[in-house]
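Protein chains in written order, with the numbering used here: chain L, 275 to 687; chain P, 275 to 687.
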């Protein structure tokens with residue numbers, strides 16, 4: 275008998291019929307002897323509807339009152355799911371974030387969890403209840419309603435799992451696990467049995483949007499065992515999903531060198547050519563970009579020569595025009611020769627904790643791309659990933675050849 | 275400078291534009307130096323939408339979880355109104371019932387208020403805030419969300435007014451006060467400057483649906499000064515509405531004998547003819563009706579003769595068929611000769627605390643109706659009202675001639 279936290283997102287609870295399906299799945303876990311706490315999001319579309327309503331009243335909604343409004347989305351779902359459970363004979367009880375209580379700081383619309391009082395939940399579990407908790411929300415010290423920001427329900431689930439020292443935190447999504455790459459591009463892509471937290475972080479930030487990155491960080495910090503599962507599979511025919519593990523739990527012999535090929539099409543690159551190679555130049559270029567609230571991803575500065583250097587970075591494609599205009603404004607001030615850019619690029623990465631103990635991964639990656647005539651425009655590396663920027667039109671080809679070159683279509687021995 | 279509680283119903287806050295109108299009205303009261311607490315309902319249609327959603331998940335929704343869901347309706351409105359106030363430069367803060375806190379019993383979906391902690395509200399008023407409170411809701415001792423049932427927002431407003439010892443509790447509706455009768459039937463109907471609580475109770479229960487009867491009882495009990503006002507009038511051109519007063523506050527010389535003519539078309543009568551005139555017969559007839567949850571309004575039993583009597587009562591028209599079927603079942607058991615009924619009747623009442631000290635009201639009423647050839651089918655009286663049942667087709671005529679006979683179209687001297 276285990277203590278399981280399950281999290282169902284907006285799509286999984288998007289209609290009364292789907293809520294009933296979730297209830298049946300939860301009931302099947304309880305019937306197998308497990309204690310279950312369910313964390314739910316608002317029904318899909320509901321949070322957007324509420325925010326749009328708020329903006330009709332106040333163009334820039336007051337964040338404290340916006341949270342009061344937004345929190346109602348999950349509150350409706352907890353009531354509905356509890357009813358659906360009772361309707362099939364399962365004892366259930368709902369909790370808002372404030373009722374739990376999930377104490378957060380007072381950063382309205384993007385609050386961070388400070389602590390969780392697990393006493394109420396424990397008491398209900400002991401009397402055989404399924405406990406249904408509103409994700410995404412909490413209360414601050416003053417008792418005001420807060421929300422954790424978009425995707426916060428994953429974080430709520432992980433935090434509750436940590437507080438209750440749960441055996442497993444199951445995140446139900448519309449995919450049946452984490453794949454070596456996107457099966458729409460590489461049909462041979464395989465579901466991974468396990469993936470490490472570090473890899474998952476790289477995968478998520480690189481565009482494999484299975485889990486909210488914040489919740490993965492949180493799970494890593496508090497050693498919560500996370501599993502990604504599908505909420506669409508038939509009851510009784512569920513697969514095992516993908517378990518997100520700690521590196522120290524894995525026997526390295528069994529560990530493949532590379533776990534997956536991640537990619538992101540939503541990128542544009544900007545290059546500032548011929549800037550003086552002097553201290554402070556990176557800040558002078560990126561300062562205005564950060565102030566404009568534009569996320570910068572890769573940042574590359576090469577060794578300079580003749581006292582000047584080139585500086586490149588990537589931004590989300592939707593911010594390309596804005597970022598270009600900003601750089602054109604500061605160009606004279608920073609003494610740059612020219613601003614160049616390209617919004618038809620893509621980023622492809624190989625990810626794997628195994629590369630720490632294996633040499634030659636980078637050269638294998640570069641050779642594989644070269645053999646297909648794919649030019650590499652930028653390179654960036656970390657401990658467990660190598661990312662390259664290429665022309666967007668080669669994206670699918672690059673992912674396919676890399677997936678094959680690293681034998682990701684083969685089940686590890 | 276007064277402390278004012280204002281209550282706005284679902285229609286008054288039914289759209290973002292109307293919410294902005296409410297904000298301007300609230301601001302105008304604050305600008306005149308008053309401290310204001312606003313109690314709001316869910317946007318019109320929202321509570322019904324939520325209940326329908328709940329019923330899609332569970333045909334007979336669990337009342338505890340239904341309250342969790344239903345309470346979100348008002349929670350959205352408090353956030354929106356607070357935003358609208360801030361948007362026009364008024365400091366505002368929202369409170370759910372639980373945040374106030376409004377402590378209720380645990381009768382989910384029809385809870386009763388036990389106490390109100392007014393500390394938070396007072397603190398915010400002292401710092402110049404308008405306090406916006408969700409009506410219709412509270413929490414029980416265990417911290418579970420409760421609702422007060424339909425129309426409960428009026429009761430919330432009155433209870434908060436009582437707790438804060440407010441100078442006035444203003445109920446904003448879509449009419450500009452309480453009228454001597456329905457102006458759609460009698461164009462000469464006048465707005466009453468004042469009406470007593472007792473009269474208001476009779477008027478409300480007789481079909482003048484301006485205020486929820488429970489809130490009127492509550493206001494009477496806690497001596498809260500209630501005023502009915504229109505939320506549709508232009509700012510700066512508002513009328514005084516109708517003040518609901520305590521009888522002892524009124525100089526009897528100024529008090530008209532009759533305050534209004536109330537009526538109710540939603541009535542049907544049933545008569546059990548020739549039942550044995552013995553103890554317990556009323557219970558034997560009405561017991562099954564009560565068990566079937568049918569509201570009984572007037573009950574009349576006349577003096578019997580020859581050991582048998584006739585027993586009549588009225589029910590809502592929609593329950594007529596059900597009540598008739600029930601009586602047909604018990605007819606033999608109670609030894610009745612016959613069951614008769616009529617669902618084309620209406621009830622007309624004259625209401626006024628003045629009739630206590632004046633004789634001849636009843637005979638004037640009966641004579642007025644007789645002069646028009648209107649037959650009276652049943653009569654029932656209380657301290658401050660006389661009700662008659664007549665053929666529905668004479669309803670408008672009866673209301674008009676009574677309104678004129680009691681000189682309700684004349685402003686009192």
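Beta carbons: idealized from backbone N, C-alpha and C, even for Gly. Keep in mind the model is a prediction, meaning the values are calculated, not measured.
Residue environment analysis places residue 589 of chain L among the buried positions, since at least 16 neighbouring C-beta atoms fall within 10 angstroms of its C-beta.
In this chain, residue 640 of chain L is not harboured by any beta strand (DSSP E); it is covered by the alpha helix (DSSP H) spanning 635–645.
Here residue 406 of chain L carries a strand assignment [DSSP, helix/strand/coil]. With fewer than 16 other CB atoms across the displayed protein chains lying within 10 angstroms of its CB, residue 391 of chain P is exposed. Along the length of the region 413–468 of chain P, whole beta strand (DSSP E) runs at least 3 residues long occupy 419–421, 442–447, reported in chain order.
Near chain L, meaning a CB-to-CB distance below 7 Å, the residues of the region 342–359 of chain P are 342, 343, 346, 349, 350, 352, 353, 354, 356, 357, 358. The bridge partners DSSP lists for residue 288 of chain L come to none.
Distance from the CA atom of residue 386 of chain P to the CA atom of residue 427 of chain L, rounded to whole angstroms, is 34 Å. Residue 581 of chain P is outside the set of residues whose beta carbon lies under 8 Å from a beta carbon in chain L. Residue 461 of chain L counts as exposed, since fewer than 16 other C-beta atoms from the protein chains shown sit within 10 angstroms of its C-beta. Using a Cβ-Cβ cut-off of 8 Å, residue 294 of chain L is close to 331 of chain P, given in chain order. Ranked by how close their Cα comes to the Cα of residue 430 of chain L, the residues L:447, L:389, L:468 have L:389 in first place. Counting along the chain, no alpha helix (DSSP H) covers residue 515 of chain L, and no H or E run does either. Counting other Cβ atoms within 10 Å of its Cβ, residue 520 of chain L stays below 16 and is therefore classed as exposed. DSSP places residue 558 of chain P within a helical segment (H, G or I) once states are collapsed to three.
Within chain L, the residues whose beta carbon sits less than 7 Å from that of residue 373 of chain P are 417, listed in sequence order. Bridge pairing for residue 579 of chain P: P:582 [DSSP]. At least one C-beta of chain P is nearer than 8 Å to the C-beta of residue 335 of chain L. Residue 399 of chain L is outside the set of residues whose beta carbon lies under 8 Å from a beta carbon in chain P.
In this model, residue 582 of chain P and residue 471 of chain P are separated by some 40 Å (Cα to Cα).
Residue ranges of uninterrupted beta strand (DSSP E) with 3 or more members, entirely inside the region 289–362 of chain L and ordered along the chain, are 309–314. Proximity to residue 643 of chain P across P:487, P:661, P:657 peaks at P:661, based on C-alpha coordinates.
For residue 671 of chain L, same chain residues with a beta-carbon under 8 Å away, outside a window of 5 residues either side, are 646, 648 in chain order.
Three or more Cβ pairs closer than 8 Å define a contact, and the region 557–568 of chain L meets that threshold against the region 594–610 of chain L. Residue environment analysis places residue 281 of chain L among the buried positions, since at least 16 neighbouring C-beta atoms fall within 10 angstroms of its C-beta.
Ranking P:597, P:547, P:585, P:554 by CA distance to the CA of residue 567 of chain P puts P:597 first.
The residues 618, in chain order, have a CB closer than 8 Å to that of residue 667 of chain L in the same chain once the five nearest residues on each side in sequence are set aside. Counting C-beta pairs with one atom in each stretch, the region 313–333 of chain L and the region 352–363 of chain P have three or more that are closer than 8 Å, which means they touch.
In this structure, P:620 is the residue among P:551, P:620, P:284 with its C-alpha nearest to the C-alpha of residue 537 of chain P. The beta carbon of residue 415 of chain L sits closer than 8 Å to the beta carbons of 377, 380 from its chain, once the five residues preceding and following it are set aside; these are given in chain order. In the DSSP annotation of this structure, the continuous segment of the alpha helix (DSSP H) that includes residue 602 of chain P starts and ends at 594–608.
In this structure, the alpha-carbon of residue 365 of chain P lies about 6 Å from that of residue 404 of chain P.
Excluding residues up to 5 positions away in sequence, 429 lie with their Cβ nearer than 6 Å to the Cβ of residue 488 of chain L in the same chain.
In the DSSP annotation of this structure, the continuous segment of the beta strand (DSSP E) that includes residue 625 of chain L starts and ends at 612–625. In chain order, 624, 626, 680 place their CB closer than 6 Å to the CB of residue 532 of chain P, counting only its own chain and leaving out the 5 sequence neighbours on each side. Under the Cβ criterion (8 Å, minimum of three pairs), the region 507–517 of chain P counts as touching the region 445–456 of chain P.
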